[in-house]
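*Asks:* Here's a structure for you.
The structure is reproduced here in structure tokens:
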């Protein structure tokens with residue numbers, strides 16, 4: 291991680307859960323971190339040393355609003371020099387079925403956050419890296435649900451429908467970005483970290499329903515820092531970075 295010291299990372303969904311853990315660990319590692327959230331005041335209350343806190347810049351930004359994303363990344367460019375790392379972590383979760391008409395607003399929000407938010411932020415971050423000829427890194431926080439649809443027949447719930455559909459799209463987007471970054475003549479890297487069940491506000495929906503080991507946000511953050519710490523010639527792709535709690539194998 292030493293080569294990222296004093297570089298600039300943008301983390302979306304940074305005010306809680308996995309995003310908060312990633313922001314905290316990056317700041318502790320000497321990275322300047324811009325935390326995007328609809329609730330930036332929460333970031334200001336994180337328990338950080340004064341040195342780490344001085345590296346954190348909470349910014350209010352709804353990643354589903356294209357102009358807000360553009361304005362935010364311009365602020366990063368004007369005030370901090372540009373984006374070197376992007377971690378797409380913003381996410382929402384709603385239970386329900388794709389075939390239920392009354393859930394259309396929730397399904398739309400899921401795709402707006404997970405897909406359009408990722409698209410807006412990745413485009414702006416990549417353009418910043420490309421303009422400065424900097425070999426940056428994009429990390430998408432995916433899910434095991436983005437690689438395998440849970441058999442809903444074994445659960446008395448509908449908890450992985452629109453979420454799984456959005457995460458599968460994110461898996462495809464990650465590979466598309468990998469090819470586009472290379473075809474653009476850059477060495478910008480992209481990784482997709484796909485956690486299993488994690489103890490977050492989203493994970494709380496599941497923990498009481500299923501009997502399986504649970505990850506902590508710090509576990510996912512460790513995987514992100516591993517990806518960022520790989521040498522420039524190493525690409526940690528979405529097959530290499532699926533993580534889950536393996537206590538069940540003991």
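Numbering (this note's numbering), first residue to last: 291 to 540. Glycine included, C-beta positions come from ideal geometry on N, C-alpha and C. Predicted model, so just to flag it, every value in this text is computed and none were measured.
Tell me residue 299's beta-bridge partners as DSSP assigns them.
*Replies:* Beta-bridge pairing links residue 299 to 323, 375.
*Asks:* Buried or exposed: where does residue 368 fall if 16 or more other Cβ atoms within 10 Å of its Cβ makes it buried?
*Replies:* By the 10 Å Cβ count, residue 368 comes out exposed.
*Asks:* Which residue spans inside the segment 382–444 form an unbroken beta strand (DSSP E) run of at least 3?
*Replies:* Correct list: 427–431.
*Asks:* If you run the structure through DSSP and keep just helix, strand and coil, what is residue 482?
*Replies:* Reduced to three states, the DSSP call for residue 482 is strand.
*Asks:* For the pair the segment 475–489 and the segment 423–435, tell me if three or more CB-CB distances fall below 8 angstroms.
*Replies:* Cβ pair count under 8 angstroms is three or more, so yes.
*Asks:* In whole angstroms, give me the CA-to-CA distance for residue 437 and residue 455.
*Replies:* Computed Cα separation, rounded: 10 angstroms.
*Asks:* Return the first residue and the last residue of the beta strand (DSSP E) that residue 348 is part of.
*Replies:* It spans 346–350 - the beta strand (DSSP E) in which residue 348 sits, taken as one unbroken run.
*Asks:* Out of 519, 324, 433, 323, which one is the CA nearest neighbour of residue 383?
*Replies:* Nearest of 519, 324, 433, 323 to residue 383, Cα basis: 433.
*Asks:* Along the alpha helix (DSSP H) that carries residue 511, what are the first and last residues, could you check?
*Replies:* Here the alpha helix (DSSP H) through residue 511 covers 507–519.
*Asks:* Is the beta carbon of residue 522 less than 8 angstroms from the beta carbon of residue 308?
*Replies:* Not a contact, by the Cβ cut-off of 8 angstroms.
*Asks:* So, under 8 angstroms CB-CB, residue 297 and residue 333 are touching, yes? Tell me the CB distance rounded to an integer number of Å.
*Replies:* About 19 angstroms separates the two Cβ atoms, so there is no contact after all.
*Asks:* So, under 8 angstroms CB-CB, residue 355 and residue 326 are touching, yes? Tell me the CB distance rounded to an integer number of Å.
*Replies:* Wrong, their Cβ atoms sit about 11 angstroms apart, outside the cutoff.
*Asks:* I'd like the list of long-range same chain contacts for residue 351, defined as Cβ closer than 6 angstroms, with 5 residues on each side in sequence excluded.
*Replies:* Excluding sequence neighbours, residue 351 sits near 326, 358, 362.
*Asks:* Helix, strand or coil for residue 488, going by three-state DSSP, please let me know.
*Replies:* Here residue 488 sits in strand by DSSP.
*Asks:* If you follow the alpha helix (DSSP H) that residue 310 is part of, which residue opens it and which one closes it?
*Replies:* Its alpha helix (DSSP H) spans residues 307–318.
*Asks:* With the cut-off set at 8 angstroms, would you say residue 324 and residue 349 are in Cβ contact?
*Replies:* Yes, the Cβ-Cβ distance between residue 324 and residue 349 is below 8 angstroms.
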